[in-house]
Amino acid sequence: MSIFRFFQRADPLANTSADFREFYRNFISVVSAADGDLAREGLNESVIAKLTPDERIEAERLLLERLGAGGDSRTAIGLGLLGSRKAGTPLRVRMAVQDRESFPSPAYAEALWRIERDPRAVDALVAMARNPQVRSSPRVDAVCALSEMPSDVTRQALMEILWTEPDYLLRYHSFKGILMLHGYPWKEANDHAGKMAPQIGGALARPEARRAVLARLEELTAGRTLVTLDP
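Just so we're on the same page, the numbering used here is the position in the sequence shown counted from 1, plus 13.
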């Protein structure tokens, strides 16, 4: 047993670095019911890259332990950022359980895609995004997750939502997501989408609006390939 693990048995934060304590606070600490599940924007995701090799091993152990007990979106996000190969099977099991109950959390599907490029992750998110019986907010979350899973398949899925989905918010986020797949930062992509909001809103009913949206997409993505994720 490593010295790191010896101290962890008594106190998970004993003799740990500031970076590991920040990881623990973001991904492991219990969140009160009043706070709810931490949203992606509330997590310090960059801290994962600062962990030492031993700390990454311990972080993975803790997250897998949480996943086995049910976990939450933070668990999935952390395992995805770590690229945990051990998490593939339990993530698929968790997605299957959630799918029987309703739909899987977008975070679980995105983590599975990041780790294994499993096409079932895309299928699960597309099914959620296209299901009118699901509330708008989880459907938007699914589109946003697809926006961070660059591939020809996810780009095509977002294009189909953009051209066929009655919900304006989903079309708006699909336009933004296509730009993000081509390397635009969130804010810049959102600014471009905002400027095209009237045309995106009218794309289903007015051919001229549809042509304007397509022309703007082609202009903004010209010469840009899909971004790649670190292996």
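All residues carry an ideal CB built from backbone N, CA and C; glycine is no exception.
CB of leucine 125 within 9 Å of CB of glycine 91, strictly: no
Cα-Cα, which of Asp67, Glu161 and Val43 is closest to threonine 241? Comparing Cα positions, the closest option is Glu161.
Using C-beta distances below 8 Å, list every residue in its chain close to leucine 175, excluding the 5 sequence neighbours before and after it, in chain order. Arg184, Ser187, Phe188, Ile191, Ile213, Ala216 and Val226
Around the C-beta of alanine 134, are 16 or more other C-beta atoms found within 10 angstroms, so that it is buried, or is it exposed? buried
At least three beta-carbon pairs within less than 8 Å, the region 29-39 to the region 67-81: yes
On a Cα-Cα basis, can you pick out the residue from Lys200, Leu194 and Asp204 that is closest to threonine 234? Selection Lys200, Leu194 and Asp204 evaluated against threonine 234 yields Leu194 as nearest (Cα-Cα).
Inter-residue spacing [alpha-carbon to alpha-carbon] between serine 59 and alanine 89: 15 Å
Coil, strand or helix - asparagine 39 by DSSP: If DSSP states are grouped into helix, strand and coil, asparagine 39 belongs with the helices.
What does the alpha-carbon distance come out to for the pair arginine 152 and threonine 177? Counting only the Cα atoms, threonine 177 lies some 14 Å from arginine 152.
Residue of Asp154, Lys208, Arg143 and Gln169 minimising C-alpha distance to proline 179: Arg143
Is the separation between the beta-carbon of alanine 82 and that of methionine 108 shorter than 9 Å? no
Sorted by chain position, which residues of the same chain lie with C-beta nearer than 7 Å to alanine 47's C-beta, five sequence neighbours on each side aside? For alanine 47, the predicted model reports a pLDDT of 41, less than 50, meaning its position is unreliable and no value from the coordinates is stated.
If you measure between the beta carbons of leucine 104 and isoleucine 128, is that distance less than 9 Å? yes
Is the Cβ-Cβ distance between glutamate 73 and serine 97 less than 9 Å? yes
Residue interval of the alpha helix (DSSP H) (run including lysine 99): Taken as a continuous stretch (DSSP letters only), lysine 99 belongs to no alpha helix (DSSP H), as it is neither H nor E.
Relative to the ligand SAH, is the shortest distance from any of its heavy atoms to the C-beta of valine 106 smaller than 8 Å? Among the components modelled here there is no ligand, and therefore nothing to report on the ligand SAH.
Three-state class that DSSP yields for asparagine 144 in the structure shown: coil
Between which two residues does the alpha helix (DSSP H) containing leucine 192 stretch? Start and end: 181-194.
Local conformation of glycine 83 per DSSP, three classes: coil
What's the gap between the Cα of proline 163 and the Cα of proline 211? 27 Å
Quick one: is threonine 102 buried, meaning 16 or more other Cβ sit within 10 Å of its Cβ, or exposed? exposed
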